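Encoded as structure tokens, the structure appears first; notes follow it.
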Amino acid sequence: MPITLPGSCFCRALTYELTLDSVDQARATLCHCTNCKKAFGTNYGLTAKVPVKSFKYTRGTPRDHRADNGVTREFCEICGSYILEYGDAAKNDFRYITVGSLDDPSQLPPKGEFFCKDRLSWMPQIPNTFQKSEIKE
Numbered sequence: 001m002p003i004t005l006p007g008s009c010f011c012r013a014l015t016y017e018l019t020l021d022s023v024d025q026a027r028a029t030l031c032h033c034t035n036c037k038k039a040f041g042t043n044y045g046l047t048a049k050v051p052v053k054s055f056k057y058t059r060g061t062p063r064d065h066r067a068d069n070g071v072t073r074e075f076c077e078i079c080g081s082y083i084l085e086y087g088d089a090a091k092n093d094f095r096y097i098t099v100g101s102l103d104d105p106s107q108l109p110p111k112g113e114f115f116c117k118d119r120l121s122w123m124p125q126i127p128n129t130f131q132k133s134e135i136k137e
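Counting from 1, one number per residue, gives the positions in the sequence shown under UniProt numbering.
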């Protein structure tokens, strides 16, 4: 039975729905790369890879920014909340939604960590998840 997870930006000018066959269809991961650290403004990024067709905005229109590395991020032009990202290779198939933008982020716990080689020394690894030094390992 499908599950619908609502989400939004901080000011709720942008709202969305994520409809999945099950929560297992999403792959939430932490990323310790420099790019994610800058985008999230903290020591890691937390996104969930979901099929592009499972995501739809229900209110508002996002702004986007394309970084030099080919990653496009969509965000609220009013409050600045970052909602999702995608790269050129995945743009037709997947979106990487920011788990914190879900109304109930506990629904998508992390399954793993990427760029562990760049994890800050004081940051513990998440127990019972996969650990990869790079994206492709």
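Glycine residues also receive a C-beta, built at the ideal position from the N, C-alpha and C atoms.
Model, not experiment: these values are computed from the prediction.
Considering only their Cβ atoms, is the gap separating residue j from residue i smaller than 7 angstroms?
i	j	result
Leu20	Ala26	yes
Leu18	Phe55	yes
Ile78	Cys33	no
Tell me which same chain residues have a C-beta within less than 8 angstroms of the C-beta of residue i, skipping the five on either side of it?
i	result
Gly100	Leu46
Assuming residue i contacts residue j (C-beta within less than 8 angstroms), just tell me the rounded distance between them.
i	j	result
Asp104	Ser8	Incorrect: roughly 12 angstroms between the Cβ atoms, too far for contact.
Can you give me the Cβ contacts of residue i inside the same chain, cut-off strictly under 7 angstroms, excluding the 5 residues immediately before and after it?
i	result
Asn43	Lys37, Leu120 and Met123
By the 10 Å Cβ neighbour count, where 16 or more other Cβ atoms means buried, how is residue i classified, buried or exposed?
i	result
Arg59	exposed
Ile3	exposed
Thr61	exposed
Arg95	buried
To the nearest angstrom, report how far apart residue i and residue j are at their CA atoms.
i	j	result
Gly41	Asn35	10 angstroms
Leu14	Asn69	25 angstroms
Thr129	Asn92	27 angstroms
For the ligand FMN, I want to know if residue i counts as a neighbour, meaning its beta carbon is within less than 6 angstroms of at least one of the ligand's heavy atoms.
i	result
Thr34	In the structure shown, the ligand FMN is absent, as is every other ligand, since no ligand is present at all.
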